[in-house]
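Protein chains: 2
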Amino acid sequence: MFEQVSIIGCGLIGSSIFRALKKNGSVKKVITFDNDKSVSEIIKKENLSDKIVSTPEEAVRNADLVLISTPQSSFEPVLDSVKKYLKSGSILTDTNSVKKGLDVIIKKMNLKNISWIPSHPVAGTEQSGPRAGFSDLFRDRWTILTPDSKTKHSDVKKISVFWESMGSKVKIMSVGEHDKILSLSSHLPHVIAYNIVKTAMSNDEKTKKNLIKYSAGGLRDFTRIVVSNPTMWKDIFINNSDLIIDGINKFSKNLEEFKKAIAEKDSKKLLEIFENSKEFREAIVEAGQDTDKPNFGRK
Amino acid sequence: MFEQVSIIGCGLIGSSIFRALKKNGSVKKVITFDNDKSVSEIIKKENLSDKIVSTPEEAVRNADLVLISTPQSSFEPVLDSVKKYLKSGSILTDTNSVKKGLDVIIKKMNLKNISWIPSHPVAGTEQSGPRAGFSDLFRDRWTILTPDSKTKHSDVKKISVFWESMGSKVKIMSVGEHDKILSLSSHLPHVIAYNIVKTAMSNDEKTKKNLIKYSAGGLRDFTRIVVSNPTMWKDIFINNSDLIIDGINKFSKNLEEFKKAIAEKDSKKLLEIFENSKEFREAIVEAGQDTDKPNFGRK
């Protein structure tokens with residue numbers, strides 16, 4: 001596959017990638033860089049990287065694949081600092097949840113003989129940092145690639161094999177399609193999760209304490225993802241704002257209809273909503289995207 | 001404790017109660033009734049009840065505790081059919097998620113020398129029916145009792161010990177306080193879960209398929225509770241409609257503010273929302289109401 005892969009940004013995603021590569025042995029050399037020294041210390045201590053370097057420039061020299069897995073707001077400055085050192089003929093990728101805007105940055109950089117192939121592994125947990133990563137994070141999860149039509153097929157093939165080596169399934173789609181789907185499958189649910197917690201917290205102290213105490217009645221399910229990496233999510237909301245706002249508007253319109261059914265005590269309408277929802281959940285479990293164990297198999 | 005406990009309605013909650021009682025041996029005799037014959041067949045086959053009866057009247061004769069764990073819309077007809085057969089001095093309880101309205105029904109029944117002590121075990125899974133029940137469902141979970149001030153203290157003590165024998169922690173509060181807390185900790189989250197699934201489903205077939213496929217990005221967390229018992233949830237939304245609508249209105253107001261922060265790409269405001277949310281989640285885990293394992297410990 002690749003002789004040398006360089007990973008810039010070693011949080012949950014970056015560190016899961018080098019853990020997976022170390023495990024499957026498909027890459028000869030993995031070089032890592034993170035601008036937070038304490039992150040590099042952890043990687044060193046746990047012996048997770050073949051070489052830890054102290055500048056992004058050092059990281060990319062001789063790399064056949066450069067993977068930038070920082071929050072999206074760091075993508076441009078990182079790329080700007082390494083662009084002169086990228087190896088001719090190498091592949092450049094990322095792991096961002098929003099693809100809009102990245103192509104514009106790439107164009108501005110005027111890269112010569114570099115294959116830019118955006119990647120988005122749709123996998124993660126609510127935890128952050130190099131200790132949160134694990135080698136099986138991508139197993140049976142999708143990775144979406146959004147190369148433009150001019151990209152060399154053999155390079156798309158190479159990066160596909162790279163993700164597949166970590167157990168991921170690969171899907172190719174356009175930037176527009178990717179950002180639309182993710183706005184509804186991931187970004188909107190995060191907005192809603194933050195918002196229901198915000199609503200719970202906008203009560204007096206006594207009520208707030210009670211909501212925490214009795215959260216097993218449903219609320220707790222919505223609170224898991226609110227501890228996800230704040231910088232990453234701030235970037236996502238800003239970079240995909242138009243589509244997320246479309247999603248919020250659709251959600252609000254549906255909520256008004258739902259409220260009406262509750263206010264009018266419309267049993268028929270309520271049961272109809274429940275019945276349709278059930279099918280959707282069952283399809284998610286069927287597709288292997290969630291466990292069918294009660295309470296997510298919580299212990 | 002009690003010599004004879006009679007359970008009417010043997011779904012997830014009812015069947016978890018008799019499984020727990022059978023395990024802890026604290027009750028001499030457990031009698032069960034369900035109006036669905038296939039439910040009684042399952043109970044018989046798995047030998048879960050000391051006596052399965054074929055009418056609710058038969059169930060309550062000689063019972064020291066009668067527990068009605070049917071959806072709320074069946075509470076009145078069930079009680080109407082058994083009221084003449086309740087043993088003098090016995091305790092009557094339920095397991096409903098909304099307490100408003102039950103006291104009115106009780107008053108109408110004009111019961112003589114019966115201690116009515118409403119119970120709500122804040123525990124459950126998204127599954128329904130007698131096969132979904134398990135003896136540890138109530139372990140370390142709260143049960144809220146909402147007796148009125150005239151209720152005999154010794155009876156409140158008895159029913160508290162009953163729930164504690166199954167591992168539950170007991171809290172006493174007013175009907176109003178109970179319904180307000182649950183409207184936010186349980187009922188509103190269910191509305192939101194149904195609504196986000198409704199929003200996902202109001203797309204074309206291709207998009208819907210993609211949302212299922214990539215639901216691991218966040219959406220899947222919201223789909224678990226939408227398969228919960230439809231009749232039960234229809235009853236909850238109808239019986240607690242005023243407080244749930246208050247909750248929806250607060251949620252919508254917060255969502256408009258949130259949308260504004262996204263539209264204005266207000267990093268500071270977004271990071272502030274995330275920071276506050278994080279504290280709330282941490283408090284839930286701290287209170288033992290959820291696991292701290294990544295992805296709820298999903299396998």
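Top line first, the protein sequences correspond to chains A and B.
When the letters of the first sequence are read in order and numbered with my numbering, they come out as residues 1 to 299.
When the letters of the second sequence are read in order and numbered with my numbering, they come out as residues 1 to 299.
Positions of the beta carbon are idealized from the N, C-alpha and C atoms, including for glycine.
Could you tell me which residues DSSP pairs with proline 121 of chain A in its beta bridges? A/Thr143
Proline 56 of chain A: contacting residues in chain B (beta-carbon distance under 8 Å): In chain order: nothing, as chain B lies at least about 23 Å away.
Could you tell me which chain B residues have their CB closer than 9 Å to the CB of glutamate 41 of chain A, listed as they occur along the chain? Within chain B, no residue comes near glutamate 41 of chain A; the closest Cβ sits about 22 Å away, beyond 9 Å.
Using a Cβ cut-off of 8 Å, pull out every chain A residue sitting near phenylalanine 274 of chain B, in sequence order please. Tyr194, Val226, Pro230, Trp233, Lys234
So with CB distances below 8 Å, who are the chain B contacts of aspartate 290 of chain A? Ser215, Ala216, Arg220, Thr223, Arg224, Arg298
Give me the chain B residues within the contact set of glutamine 127 of chain A, using Cβ-Cβ distance strictly less than 8 Å, ordered along the chain. Pro294
Residue-level contact to chain B via CB, tryptophan 142 of chain A, 8 Å cutoff: yes
Three-state class that DSSP yields for glutamine 4 of chain A in the structure shown: strand
Arginine 281 of chain A versus B/His187, B/Tyr214, B/Asn295, B/Val285, residue with shortest Cα-Cα distance: B/Tyr214
Pick helix, strand or coil for lysine 87 of chain A, following the three-state DSSP scheme. coil
Using the beta-carbon of each residue, which ones in chain B are nearer than 8 Å to asparagine 254 of chain A? Asn195, Lys198, Thr199, Ser202
Taking only the alpha-carbon atoms, compute the straight-line gap between serine 54 of chain B and serine 202 of chain B and give it to the nearest angstrom. 44 Å
Could you check what DSSP says for leucine 243 of chain A in three-state terms: helix, strand or coil? helix
Any idea what DSSP makes of aspartate 80 of chain A, helix, strand or coil? helix
Out of curiosity, what's the CA-to-CA distance linking lysine 84 of chain A and leucine 111 of chain A? 8 Å
With burial defined as no fewer than 16 other Cβ atoms inside 10 Å of the residue's Cβ, what is the status of histidine 178 of chain A: buried or exposed? buried
Compare the C-beta of alanine 20 of chain A with all C-beta atoms of chain B and state if any pair is closer than 8 Å. no
Please classify valine 5 of chain A: is it buried, with 16 or more other beta-carbons within 10 angstroms of its beta-carbon, or exposed? buried
With DSSP as the reference, label threonine 207 of chain B as helix, strand or coil. helix
Closest Cα partner of glycine 130 of chain A within the set A/Phe18, A/Thr231, A/Trp116: Going by the sequence as given, residue 130 of chain A is proline instead of glycine. Measuring from the Cα of proline 130 of chain A, the nearest candidate turns out to be A/Phe18.
Where does valine 285 of chain A sit, in a helix, a strand or coil, going by DSSP? helix
Sort A/Ser81, A/Lys234, A/Leu145, A/Leu65 by Cα distance to serine 88 of chain A and report the nearest one. A/Leu65
If distances are taken between C-alpha atoms only, which option among A/Gly101, A/Ile196, A/Ser168 comes closest to arginine 139 of chain A? A/Ser168
What's the gap between the Cα of serine 81 of chain A and the Cα of proline 56 of chain A? 7 Å
Interface residues of chain A around leucine 211 of chain B at Cβ under 8 Å? Ile181, Leu184, Ser185
Is it right to say glycine 288 of chain A is buried, meaning 16 or more other beta carbons lie within 10 angstroms of its own, or is it exposed? exposed
Across the stretch 36 to 43 of chain B and the stretch 257 to 271 of chain A, are there enough close Cβ pairs to call them in contact, namely three or more that are closer than 8 Å? no
If we call anything under 8 Å between Cβ atoms a contact, is threonine 143 of chain B one with asparagine 295 of chain A? no
What are the boundary residues of the alpha helix (DSSP H) that threonine 199 of chain A is part of? 188 to 201
In three-state DSSP terms, what is serine 183 of chain B? helix
Alpha helix (DSSP H) containing valine 226 of chain B: first to last residue? Careful: valine 226 of chain B lies outside any alpha helix (DSSP H) and carries neither H nor E.
Contact list for leucine 271 of chain B against chain A, beta-carbon separation under 7 Å: Pro230, Lys234
C-beta atoms of asparagine 254 of chain A and lysine 198 of chain B nearer than 8 Å: yes
Is the CB-CB distance between isoleucine 248 of chain B and leucine 188 of chain B below 8 Å? yes
Looking at the structure shown, is aspartate 94 of chain B part of a helix, part of a strand, or coil, going by DSSP? strand
Whose C-beta lies closer than 7 Å to the C-beta of leucine 243 of chain A among residues of the same chain, with five residues either side of it excluded? Asp179, Lys180, Ser183
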